[in-house]
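Colleague: Residue numbers (full-length UniProt numbering): 1 to 289.
Beta carbons are placed, not taken as given, at the ideal position from N, Cα and C, and that holds for glycine.
Source: prediction; values computed, not measured.
Got a structure for you, written out below as structure tokens; questions coming shortly.
Now the structure itself:
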């Protein structure tokens, strides 16, 4: 039977204080938006989902660490909290740009506009709170810690999130073999990266009959090679067909999405290259503590 071991130091530590601030900022953000019902499209719904998710999960983390029940959870707790703080930072970064871009414009006036601006400010502060937590809990050279608190581990969360954004921007249909290859690369890398994250949090990697570090380097090399082909083929096929932004609003939006996919592809390629460099250093070079 689980036993409670109250540890109030978890609330007064730097990370504990940050988590309290995260709860406060996210709660104020979704409360302000809910009070004026300014979330009536996919962008607003995503923003509300982000703030509510950060609020709910952080509350659970605080309670479980305060009561000591986190020691009874059958997962790698440090890996879970590291992965979540990184994911929350990325989601809030996106929301803090997307929400004001859609809801703070020339027609925004009065109390509703003030609430939207206040929610944006709270979202930005919440992003910084999670980003600082990522920095505080990141594994330093020579430390023994969970994989997801290391640079390669945090990059895995980053890569998976960026690929999710890419999926949301992909056009509805693609018949060219080159474009299909690009989508296949996005899918393959996303599935493998997500699987690595899940296996790490679930403490299942030690049970696998493989050398995880060497397999990880091999996968990173393959991912970099595949993303290089995508970084060439995706813009070549699309912008050869539509070199400039169409004046039609619908086609213009589709062109913007294709440009966004191109930009995010290069970001993910850089992330995989950095991941490969750090993973190689971790395996083949000894870094003094």
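1) Who are the near neighbours of residue 118 in its chain, counting only those whose CB is closer than 7 Å to its CB and skipping five residues on each side?
2) What does the alpha-carbon distance come out to for the pair residue 96 and residue 53?
3) Can you give me the C-alpha to C-alpha distance between residue 29 and residue 122, rounded to a whole angstrom?
4) With distances taken between CB atoms, is the gap from residue 154 to residue 14 smaller than 8 Å?
5) What separation, rounded to the nearest whole angstrom, lies between the Cα atoms of residue 181 and residue 269?
6) Quick one: what does DSSP say residue 108 is sitting in, helix, strand or coil?
7) Beta-carbon separation of residue 166 and residue 261 under 8 Å?
8) Taking the alpha-carbon positions, what's the residue 232 to residue 256 distance?
9) Smallest Cα separation from residue 104: which of 120, 129 and 89?
10) Quick check on residue 143: does DSSP put it in helix, strand or coil?
11) Grouping DSSP H, G and I as helix and E and B as strand, with all else coil, what is residue 249?
12) Given this structure, state the Cα-to-Cα distance separating residue 75 from residue 107, to the nearest angstrom.
13) Can you tell me the Cβ-Cβ gap for residue 162 and residue 86, rounded? I've got them flagged as a contact below 8 Å.
14) For residue 8, name the three-state secondary structure that DSSP assigns.
15) Among residues of its own chain, excluding the 5 on either side of residue 278, which ones have a beta-carbon nearer than 8 Å to its beta-carbon?
16) At the level of alpha carbons, what is the spacing between residue 124 and residue 22?
17) Return the CA-CA distance between residue 147 and residue 201, expressed in angstroms with no decimal places.
18) I believe residue 19 touches residue 50 by the beta-carbon criterion, under 8 Å. Please report the beta-carbon distance rounded to the nearest angstrom.
19) Can you round the beta-carbon distance between residue 224 and residue 272 to whole angstroms, since I take them to be within the 8 Å contact cut?
Modeller: In terms of the structure at hand:
1) 32
2) 15 Å
3) 6 Å
4) no
5) 16 Å
6) coil
7) yes
8) 18 Å
9) 120
10) Any reading at residue 143 must be qualified, since the residue scores a pLDDT of 49, below 50, and its modelled position is unreliable; the value itself is stated next. Coil at residue 143, not helix or strand.
11) helix
12) 48 Å
13) About 12 Å; that fails the 8 Å criterion.
14) coil
15) 150, 151, 152 and 155
16) 11 Å
17) 9 Å
18) The Cβ separation is near 16 Å, so there is no contact.
19) 5 Å
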